[in-house]
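See structure below.
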Amino acid sequence: MSLDPVTLAAILGMALATFACRASGYLVLRRVQPGPFLRAFLGHVPGTLFVAFAAPAVVREGWPGFVGAAATLLVMRATGSTPLALLVGVAAFWLARTLM
Amino acid sequence: MRVIATGAGFRRGARATLPLTVGLVPFGLVVGVLAQAQGLSALEQALMSALVFAGSSQILALEFWTDPAPIASATLAALAVNVRFALMGPSLAPWIDALKGVRKWATVSAIVDHAWALAIAEMRAGRHDALFYLGSAVTLWSAWLATTILGHALGAVVALPRGHPLFFAAPACFIALLVPIWRGRGDAAPWAIAAAVSLGVGPLLPNPALAVVSGAVAGSLAGALRETAGGAGQR
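So the sequences go chain by chain: B and Y.
So the first sequence is residues 10 to 109, counted in this note's numbering.
So the second sequence is residues 952 to 1186, counted in this note's numbering.
Below, the structure is given as structure tokens:
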């Protein structure tokens, strides 16, 4: 049970940034209507952010990465169950990497 | 519209949320195991999950964790992933306004996807009990804390080496979430640009979190530019 001061600072940085996002919506965005451009931009953020994170992780793993990603997407699409998609995706990746 | 705040509302929020906590389990386990593998102590992990309480930003920050801890890139990761919470605040404002002190700021601090979605459904049904939100959020928060702590403990027992195939679960979380996020063909170009920019600038930047944010900004800019070109934005 250790608490490193630098780690604590990073955790507090994350916590403050996240609180700022939460509070700014309530305190600011209700008064200042964001324009159509900002609204469209923010609407794209979750998807593009997740793609920008996943793409290098998949490419770094080579074709087993693509196998795992495809399996995750297909199972999620077919069942809508995140736990099942994760399970099959990781299993497919593991299998593909073992077969390499 | 009259907004009330009752214990019954709190309990109804908690009850409505309980089944959803099952869906949190895999994410919580991934966060806990990842935190353990990246060298966070059980206490540090629990603090992060309790104070940040936003799974995808925790996964992103932990993927790029270093020793000593990367203060700037972890903060940037939290900011980028959680900016969506700002969009949820305005629709919750009538409920938040009806609360005071600790309850008010606890509600603001606990703005999170599932509880927000349930609250919107509750509002559409014409029920306005502001404590419904806290009941839902407290349930999610407890489940989140419990599963991440469990994940950390599991990680310590199994002690997976770095690069173990099970860590593919972290990107897989985001890949799975892309399915419900997909809004149609208009997302294809922004997503392709995000991937290309992230892959392209990654080797040039000192910090991998910066590459992710650059990709997201480039893709979102492209999408917003196209949608707002020539006046009215679609959708």
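Glycine included, C-beta positions come from ideal geometry on N, C-alpha and C.
The structure displayed is predicted, hence computed values, not measured ones.
So, with DSSP's three-state summary, where would you put residue i?
{"i": "Ile1062 of chain Y", "result": "coil"}
{"i": "Asp13 of chain B", "result": "coil"}
{"i": "Asp1018 of chain Y", "result": "coil"}
{"i": "Gly1166 of chain Y", "result": "helix"}
Would you say residue i faces chain B, with C-beta separation under 9 Å as the test?
{"i": "Val982 of chain Y", "result": "no"}
{"i": "Val1089 of chain Y", "result": "no"}
{"i": "Ser1093 of chain Y", "result": "no"}
{"i": "Arg1035 of chain Y", "result": "yes"}
{"i": "Leu1043 of chain Y", "result": "yes"}
{"i": "Gln1009 of chain Y", "result": "yes"}
{"i": "Leu971 of chain Y", "result": "no"}
{"i": "Val1108 of chain Y", "result": "no"}
Within a Cβ cutoff of 8 Å, which residues of the same chain sit near residue i, ignoring the five residues on either side of it in sequence?
{"i": "Ala1097 of chain Y", "result": "Gly979"}
Which residues in the same chain have their Cβ closer than 6 Å to the Cβ of residue i, if we skip the five residues on either side of it in sequence?
{"i": "Ala1094 of chain Y", "result": "Thr972, Leu975"}
{"i": "Ala1029 of chain Y", "result": "Ser1008"}
{"i": "Leu1069 of chain Y", "result": "Ala967, Ser1087"}
{"i": "Thr81 of chain B", "result": "Ala94, Gly98"}
{"i": "Ala105 of chain B", "result": "Pro73, Val76"}
Tell me, please, whether the CB atom of residue i is closer than 9 Å to any CB atom in chain Y?
{"i": "Met109 of chain B", "result": "no"}
{"i": "Trp103 of chain B", "result": "yes"}
{"i": "Gly71 of chain B", "result": "no"}
Only counting the same chain, and skipping five residues up and downstream in sequence, which positions put a Cβ closer than 7 Å to that of residue i?
{"i": "Val954 of chain Y", "result": "Pro1045, Trp1046, Ala1049, His1079, Ala1081"}
{"i": "Pro1021 of chain Y", "result": "Phe1015"}
{"i": "Val1003 of chain Y", "result": "Gln1009, Ala1029"}
{"i": "Ala1173 of chain Y", "result": "Ala1140, Pro1141, Ile1144"}
Could you give the uninterrupted runs of the beta strand (DSSP E) lying entirely in the region 1082 to 1128 of chain Y, keeping only those of 3 residues or more?
-> none
What runs of the alpha helix (DSSP H), each 4 residues or longer, lie entirely inside the region 954 to 982 of chain Y?
-> 958 to 968
Taking only runs of the alpha helix (DSSP H) that begin and end inside the region 32 to 69 of chain B, which ones reach a length of at least 4 residues, in chain order?
-> 45 to 69
For the region 22 to 35 of chain B, which residues have a beta carbon sitting closer than 8 Å to at least one beta carbon of chain Y?
-> Gly22, Met23, Ala24, Leu25, Ala26, Thr27, Phe28, Ala29, Cys30, Arg31, Ala32, Ser33, Gly34, Tyr35
Selection of the region 1051 to 1069 of chain Y by Cβ proximity to chain B, strictly under 7 Å = Val1059, Ser1060, Ile1062
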